Structures are given as C-alpha cells and as structure tokens.
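Just below is one structure, and these are the notes that go with it.
Numbering (UniProt numbering), first residue to last: 1 to 289.
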C-alpha cells in the first residue's frame with residue numbers, strides 16, 4: 001500500500017484494516033514454522049539407529065537439531081483448526097486454535113519416527129517456534145475433532161519402555177494401524193488416540209521436583225486410559241508419550257490472543273483449562289539449555 005492510499009484513510013480505518021488483515025492471515029491454513037526438509041535429510045529409521053545407544057541428553061540434543069532443521073514429515077506441516085464456542089459469565093466466546101495433525105516426528109512421510117521426548121525438550125522446541133503444549137481440556141477436544149481415532153496399542157510395562165528400541169517398536173505398530181485408515185483419511189488429517197499427551201497443568205509446579213504431566217490415550221468410546229498423572233520426573237519419557245504442539249496464537253472472537261496468556265487470565269482461562277488459571281503454562285527448560 002502506498003502513501004497516497006494511507007493518506008486517504010483516517011487512523012481508525014487503518015487500525016481496522018490491519019486487524020482484518022491479521023485475522024484473515026490467522027484463519028488461512030497455518031503451517032509449522034520450520035525450514036523445508038532438506039533433500040539429504042535422514043529418514044526416521046536411520047535417525048533411530050543414530051540415537052539408539054546415546055544417553056537421554058545426547059539423543060534429545062539430536063532430536064532438537066533434526067526438528068529445528070526441518071527434518072519432519074510433510075504431513076505434519078499444515079496445522080488443523082479446532083473451533084468451539086463457550087459462554088463464561090454471560091460473555092460468549094468463539095475460539096479457533098491450531099494443532100499438529102499428529103504427534104511430532106522425525107523423518108519423511110514414508111519413514112518417520114513419532115518421537116517421545118522429555119517435557120523439557122518438548123517445551124524447548126515449542127518455545128523456539130512460539131507454540132505451546134495442550135491442556136487436558138484441549139486433548140479431549142482434539143480427540144473429539146479427530147478424523148481418525150486410533151485405538152491404543154499398549155506394550156507390556158518393563159524397564160525397557162523408555163528405550164529407543166521399544167519406542168521404535170511402538171512407532172512401527174502405529175504406522176501399521178495408520179496405514180489401514182489412509183483411504184478414510186490421508187496423512188495430514190487429524191489423528192488421535194494412539195499416544196498419551198504431555199500436557200500443561202498446574203501440577204508441573206506443585207512439587208519441589210517438577211514432573212512430566214501426562215494424560216490421554218483414549219479408548220474408542222472416548223475414555224482415556226491415562227488420567228492426569230504427575231508421577232514421573234521431568235527427565236522421563238516412554239514409548240507411550242506423544243508431543244502435540246499447539247500454535248500459541250489463537251483467535252478469540254476474531255481477535256488474536258496467545259493461549260499462554262489466556263491461561264493466565266482469571267476470566268478467560270476456562271476456554272482452555274479445566275483447572276482454572278495456570279500461572280506457569282510451560283515446563284522449565286534449564287536442564288538442557
């Protein structure tokens with residue numbers, strides 16, 4: 001727009017025009033803000049072999065680099081909108097937020113690794129791209145809106161459930177189940193039910209040792225296997241955990257807000273939280289910074 005055009009508008013008109021353009025941009029298909037996947041990026045199975053024997057810290061450093069460099073499947077890049085309406089104390093709200101269609105993965109569309117990780121790493125990735133993790137309430141909404149609701153596929157508990165081989169075994173199972181639904185919904189459609197979510201909750205800071213808070217893994221009838229649980233440390237991740245990133249920018253009554261700020265708001269926090277205000281809607285990341 002040139003100066004002549006701007007001079008023909010008064011200040012209030014310019015403000016309204018800017019807001020309309022902003023909302024229009026948010027309403028369009030949102031994309032994960034990561035670089036394109038390089039032609040020589042490694043596959044999920046190759047990456048699995050690279051980190052198989054590494055320590056948790058070293059493997060998570062590798063995961064961080066691969067994801068921030070854009071080594072993720074194409075089907076994860078287009079975010080899926082979740083919309084709902086809610087009335088709070090006689091005030092009506094219409095909300096649209098945007099989520100990953102599946103859990104965060106390393107690799108290509110044909111060879112990917114749905115990547116369990118500690119909440120520390122998940123938060124570090126979210127922070128780097130201005131995303132957040134979901135709350136329990138959001139996990140339920142995502143499941144309800146999913147085009148594909150996969151049944152949970154548990155592996156018997158063992159000391160090996162936190163290891164890369166078991167994580168990969170579960171990943172292989174899930175890829176097989178997802179393949180069976182591709183005619184119903186192609187890759188990129190919203191899928192849920194196949195992992196427990198790492199979530200945002202006040203429980204993160206209720207103890208002196210800060211835990212990972214997990215929830216979900218819904219049965220086909222909508223009942224979750226995993227109630228909200230905060231019994232593992234912040235350095236824990238097992239094969240059943242998934243990272244569902246959520247864009248922090250959200251539309252509330254056609255105005256752009258941040259989910260992280262709304263969760264701290266007494267009036268509006270219940271739009272995303274069933275536990276009221278979440279004063280610290282994030283995990284500490286100092287362990288790997």
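Yeah, the Cβ is synthetic: ideal placement off N, Cα and C, and Gly gets one too. As the structure is a prediction and not an experimental result, all values here were calculated from the model.
Practice prompt. Would you mind giving the Cβ-Cβ distance between residue 116 and residue 239, rounded to the nearest angstrom? I have them listed as a contact below 8 Å.
Written response: 6 Å
Worksheet entry | Whole-angstrom C-beta distance between residue 274 and residue 137, which should lie under 8 Å | 5 Å
Practice prompt. Would you mind working out which of 92, 107, 111, 80 sits nearest residue 101, comparing C-alpha positions?
Written response: 80
Worksheet item: So the alpha helix (DSSP H) residue 290 belongs to, where does it begin and stop?
Response: Any property of residue 290 remains undetermined from this structure, which presents the chain solely from 1 to 289.
Worksheet item: Should residue 221 go down as buried or exposed, given a rule of 16 or more other Cβ atoms within 10 Å for buried?
Response: Classification of residue 221: exposed, given that the 10 Å Cβ count is below 16.
Worksheet item: Who are the Cβ neighbours of residue 144 in its own chain at under 8 Å, not counting the five residues just before and after it?
Response: 222
Worksheet item: Would DSSP call residue 252 helix, strand or coil?
Response: strand
Item to complete: Look at the Cβ atom of residue 196, then the Cβ atom of residue 214, and state whether they are nearer than 8 Å.
Response: yes
Discussion item. Rounded to the nearest angstrom, what separates residue 42 and residue 267 at their Cα positions?
Written reply: 46 Å
Worksheet item: Under a Cβ-count criterion, where at least 16 other Cβ atoms within 10 Å of its own Cβ denotes burial, should residue 24 be classed as buried or exposed?
Response: The predicted model places residue 24 with a pLDDT of 49, which falls under 50 and marks its position as unreliable; any figure quoted below should be read in that light. By the neighbour-count rule (16 or more Cβ atoms within 10 Å), residue 24 is not buried but exposed.
Fill in: Spatial neighbours of residue 271 in its chain, beta-carbon cut-off 8 Å, leaving aside the 5 residues before and after
86, 88, 93, 95, 252, 262
Discussion item. Can you tell me where the beta strand (DSSP E) holding residue 68 begins and where it ends?
Written reply: It is not in any beta strand (DSSP E) - residue 68 instead sits in the alpha helix (DSSP H) that spans 56-68.
Practice prompt. Starting from residue 124, follow the alpha helix (DSSP H) in both directions and report where the run begins and ends.
Written response: Unbroken alpha helix (DSSP H) run through residue 124: 119-128.
Item to complete: Using only alpha-carbon positions, find the residue among 90, 48, 162 that is nearest to residue 236.
Response: 162
Item to complete: Drop a sphere of 10 angstroms on the beta-carbon of residue 132, count the other beta-carbons inside from all chains shown, and report buried for 16 or more, exposed for fewer.
Response: Taking a 10 Å sphere around the C-beta of residue 132, we find 16 or more other C-beta atoms and assign the residue as buried.
Discussion item. So for residue 279, helix, strand or coil by DSSP?
Written reply: coil
Worksheet item: Going by Cα to Cα distance, which pick from 66, 194, 61 is closest to residue 37?
Response: Minimum Cα distance to residue 37 is reached at 66.
Worksheet item: Going by alpha carbons, who is nearest to residue 182 out of 31, 68, 110?
Response: 110
Worksheet item: What do you reckon, are the CB atoms on residue 126 and residue 245 nearer than 8 Å?
Response: A contact, by the Cβ cut-off of 8 Å.
Fill in: Distance, residue 212 Cα to residue 283 Cα
8 Å
Worksheet item: Roughly how far, in whole angstroms, is the beta-carbon of residue 106 from the beta-carbon of residue 129, given that I think they are within contact range, below 8 Å?
Response: With 8 Å as the limit, residue 106 and residue 129 do not qualify as a contact, their Cβ atoms being about 15 Å apart.
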